[in-house]
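Chains F, W, B and Z supply the protein sequences, listed in that same order.
Residue numbers for the first sequence follow the working numbering, beginning at 1 and rising by one.
Residue numbers for the second sequence follow the working numbering, beginning at 140 and rising by one.
Residue numbers for the third sequence follow the working numbering, beginning at 279 and rising by one.
Residue numbers for the fourth sequence follow the working numbering, beginning at 418 and rising by one.
Here a beta-carbon is modelled for each residue, glycine too, at the ideal position from N, C-alpha and C.
Computed from a predicted model, the values in this text were never measured in an experiment.
Read the structure below first, then the notes.
There are 4 protein chains.
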Amino acid sequence: MPIMMDAEALAVFMKDVFKQVADDFGIDHVSETDLTTRLLVDNRHLRPGGTVSGPSIFALADVSAYLMTLARIGPKALAVTTNCSIDFMRKPEAGVDLIAKTRLLKLGKLLSVCDVLVYSEGKEQPVARASLTYAIPPK
Amino acid sequence: MPIMMDAEALAVFMKDVFKQVADDFGIDHVSETDLTTRLLVDNRHLRPGGTVSGPSIFALADVSAYLMTLARIGPKALAVTTNCSIDFMRKPEAGVDLIAKTRLLKLGKLLSVCDVLVYSEGKEQPVARASLTYAIPPK
Amino acid sequence: MPIMMDAEALAVFMKDVFKQVADDFGIDHVSETDLTTRLLVDNRHLRPGGTVSGPSIFALADVSAYLMTLARIGPKALAVTTNCSIDFMRKPEAGVDLIAKTRLLKLGKLLSVCDVLVYSEGKEQPVARASLTYAIPPK
Amino acid sequence: MPIMMDAEALAVFMKDVFKQVADDFGIDHVSETDLTTRLLVDNRHLRPGGTVSGPSIFALADVSAYLMTLARIGPKALAVTTNCSIDFMRKPEAGVDLIAKTRLLKLGKLLSVCDVLVYSEGKEQPVARASLTYAIPPK
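Here it is as structure tokens:
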């Protein structure tokens with residue numbers, strides 16, 4: 001089962017469809033079951049003390065599970081998140097990107113399930129973990 | 140058990156500590172166990188088709204559970220979200236605020252637990268539900 | 279939208295299809311959007327200290343969301359839980375039933391979403407909260 | 418950071434403290450950050466069609482995260498689950514054990530966080546995933 005969109009195709013699609021946020025994210029690597037993305041951390045993502053805000057971490061996990069799903073089903077803007085569970089475990093480092101490592105656990109006809117580990121770049125211990133379910137639009 | 144911060148005190152605190160996002164949110168009502176807040180929906184919260192983005196809905200749920208907790212424990216900037224589970228159930232209406240109705244289910248020494256129902260203003264069916272756990276800083 | 283199964287029909291269905299566990303549960307009340315059920319607490323549900331086990335509380339939440347969904351869609355044994363998020367907030371009382379109050383938040387074509395508050399009978403503060411998603415089998 | 422209880426010590430502790438359920442579970446392997454356990458599937462765990470019940474899968478995830486935490490903090494019966502999010506993704510195979518692969522993502526002073534992937538023995542695709550938070554009793 002090859003991927004239907006590679007990192008470049010995903011980046012182009014994101015710029016087309018979500019231009020408000022496309023500049024926040026980078027796509028490092030994609031395979032059939034794994035995706036590595038990053039939040040290009042900027043002042044607008046920060047909270048007092050230099051830490052990245054919870055909603056910015058959520059946004060990274062959400063876009064990552066979406067892109068992992070699109071990599072397999074092709075460009076469908078209408079896939080929607082139905083559920084996310086997220087644990088915030090450590091304070092992100094100031095001044096570095098956040099890296100999200102996403103695994104595709106299930107790709108069904110109607111639902112995809114991914115889990116995501118989020119790291120401050122260069123650190124071994126995860127900042128957050130999330131699991132997300134996407135509803136895939138019927139053909 | 141009276142509240143330690145009313146709606147006005149919460150709004151002042153939010154402007155002090157989270158000035159980047161304080162203008163996004165309004166506080167309609169607070170009691171010992173319930174809080175009503177709103178996302179003052181603006182272009183920056185929208186996705187194609189005029190719908191409010193998932194991260195904006197998450198941010199509303201997150202700030203609501205935080206403010207509900209602070210209403211009871213007083214102004215502690217350091218309370219942190221440890222877990223959130225969120226279900227996205229319906230597409231938000233375009234052009235109206237989102238209203239969050241938060242209930243405090245538990246206020247322990249170390250953890251608070253809230254649930255939140257999010258509505259498009261004027262609608263009966265919820266757009267999303269979330270449950271959140273906050274870690275309360277030790278005295 | 280009337281219900282398709284009342285409390286008696288749900289109880290009969292449960293005995294037919296899940297006879298291993300049907301005796302664990304009682305159905306107090308059902309309406310279009312709300313269901314009250316109980317775990318008939320017995321020795322086999324207990325952990326040391328007389329408290330009800332986590333898996334027994336999970337089982338009560340799970341069966342409650344299932345029965346709430348069936349009350350609306352009719353007897354479909356094949357509806358399956360796809361996701362559950364549960365917070366354990368207080369230790370259940372020894373020697374009393376657990377009461378589950380379930381709300382149907384969404385009934386779509388493919389998915390239903392419920393939330394459940396679980397109480398020790400006679401107590402005001404919830405023992406646990408859960409939210410569950412069921413996948414509804416296509417017609 | 419060595420482990421404080423190995424597989425044998427965990428099994429003995431479980432038999433002492435949770436004798437009602439200790440026979441349901443086996444401990445295959447434990448390290449500082451990983452634990453492999455199994456549900457010794459028996460008739461009492463099954464649902465119609467031979468599939469393992471949701472509460473049995475939940476129980477396996479719950480005991481696994483508990484044992485992973487105890488392996489590091491030593492025998493503390495009072496550690497309690499505060500939150501679990503679980504996704505049921507595939508129907509378990511009939512007639513084989515369920516294998517749970519647990520990773521310790523965080524071990525703090527107050528909370529531990531684990532994630533768990535559950536497989537039918539011999540299969541590559543997971544049946545379920547879960548993430549769990551345990552509250553660690555203060556010293």
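- Item | Euclidean distance between Cα positions of A372 of chain B and F152 of chain W | Pairing A372 of chain B with F152 of chain W, the inter-Cα distance amounts to about 42 Å.
- Task: Please report the Cβ distance between A349 of chain B and V394 of chain B, rounded to the nearest whole angstrom; I am assuming they are in contact, meaning their Cβ atoms lie under 8 Å.
- Result: Not quite, the Cβ-Cβ distance comes to about 14 Å (not below 8 Å), so this is no contact.
- Message: If I follow the unbroken alpha helix (DSSP H) through V160 of chain W, where does it start and stop?
- Response: Here V160 of chain W belongs to no alpha helix (DSSP H), and DSSP marks it neither H nor E.
- Message: Restricting to Cα atoms, I'd like to know which of B:D306, B:T360, B:M282 and B:G400 is closest to L111 of chain F.
- Response: If you compare the alpha carbons of B:D306, B:T360, B:M282 and B:G400 with that of L111 of chain F, the shortest gap goes to B:T360.
- Message: At the 9 Å Cβ level, is L105 of chain F part of the contact set with chain B, yes or no?
- Response: Closer than 9 Å: no.
- Query: With C-beta atoms as the reference, is R229 of chain W less than 9 Å away from A269 of chain W?
  - Reply: R229 of chain W places its beta carbon 9 Å or farther from that of A269 of chain W.
- Partners in chain F for S390 of chain B, counting only beta-carbon separations shorter than 9 Å: Neighbours of S390 of chain B on chain F: none; closest Cβ ~12 Å, over 9 Å.
- Is M283 of chain B buried or exposed, if buried means 16 or more other CB atoms sit within 10 Å of its CB? The residue is buried, with at least 16 neighbouring Cβ atoms inside 10 Å.
- Message: So S411 of chain B contacts chain F; which residues on that side make the cut at Cβ distance below 9 Å?
- Response: Position check: residue 411 of chain B holds Thr in this sequence, whereas Ser was assumed. Simply T82, N83 and T133.
- Message: Just to confirm the assignment, what range does the alpha helix (DSSP H) spanning V202 of chain W have?
- Response: For V202 of chain W, the uninterrupted alpha helix (DSSP H) segment begins and ends at G193 to I212.
- Going by the beta-carbon positions, is the gap between G443 of chain Z and R461 of chain Z smaller than 9 Å? Cβ distance not < 9 Å, so G443 of chain Z and R461 of chain Z don't count as in contact.
- To which residues does DSSP link T190 of chain W through a beta bridge? Beta-bridge pairing by DSSP links T190 of chain W to W:R186.
- Task: Give the interface partners of P509 of chain Z over in chain D, defined as CB-CB distance under 9 Å, in chain order.
- Result: Of the protein chains in the structure, F, W, B and Z, none is chain D.
- Item | Any C-beta of chain B under 9 Å from that of P141 of chain W | No, its Cβ sits nowhere closer than 9 Å to a Cβ of chain B.
- Backbone CA spacing between V299 of chain B and A339 of chain B [nearest angstrom]: V299 of chain B and A339 of chain B: Cα-Cα distance of roughly 13 Å.
- Task: Out of Z:P554, Z:P509 and Z:K518, point me to the one whose CA is closest to L524 of chain Z's CA.
- Result: For the residues Z:P554, Z:P509 and Z:K518, the minimum Cα distance to L524 of chain Z belongs to Z:P554.
- Message: In the DSSP output, which residue or residues are listed as bridge partners for I86 of chain F?
- Response: Its beta-bridge partners are F:A130 and W:C223.
- Grouping DSSP H, G and I as helix and E and B as strand, with all else coil, what is L107 of chain F? L107 of chain F sits in a strand when the DSSP states are folded into three classes.
- The beta strand (DSSP E) with T175 of chain W in it runs from where to where? D173 to L178 is the span of the beta strand (DSSP E), which, as asked, contains T175 of chain W.
- Task: Taking all protein chains shown into account, decide if G193 of chain W is buried (16 or more other Cβ within 10 angstroms of its Cβ) or exposed.
- Result: So G193 of chain W ends up on the buried side.
- Message: Measuring straight from C-alpha to C-alpha, what distance separates I57 of chain F and V118 of chain F?
- Response: Inter-residue distance for I57 of chain F and V118 of chain F is about 8 Å (C-alpha atoms, whole angstroms).
- Query: Whose C-alpha, out of Z:F505, Z:A494 and Z:V469, is nearest the C-alpha of L515 of chain Z?
  - Reply: Nearest C-alpha to L515 of chain Z: Z:V469.
- With a cut-off of 9 Å, does the C-beta of Q542 of chain Z fall near any C-beta of chain F? Chain F contact via Cβ: present.
- Any C-beta of chain Z sitting closer than 9 Å to the C-beta of M14 of chain F? No, M14 of chain F does not count as interfacial toward chain Z.
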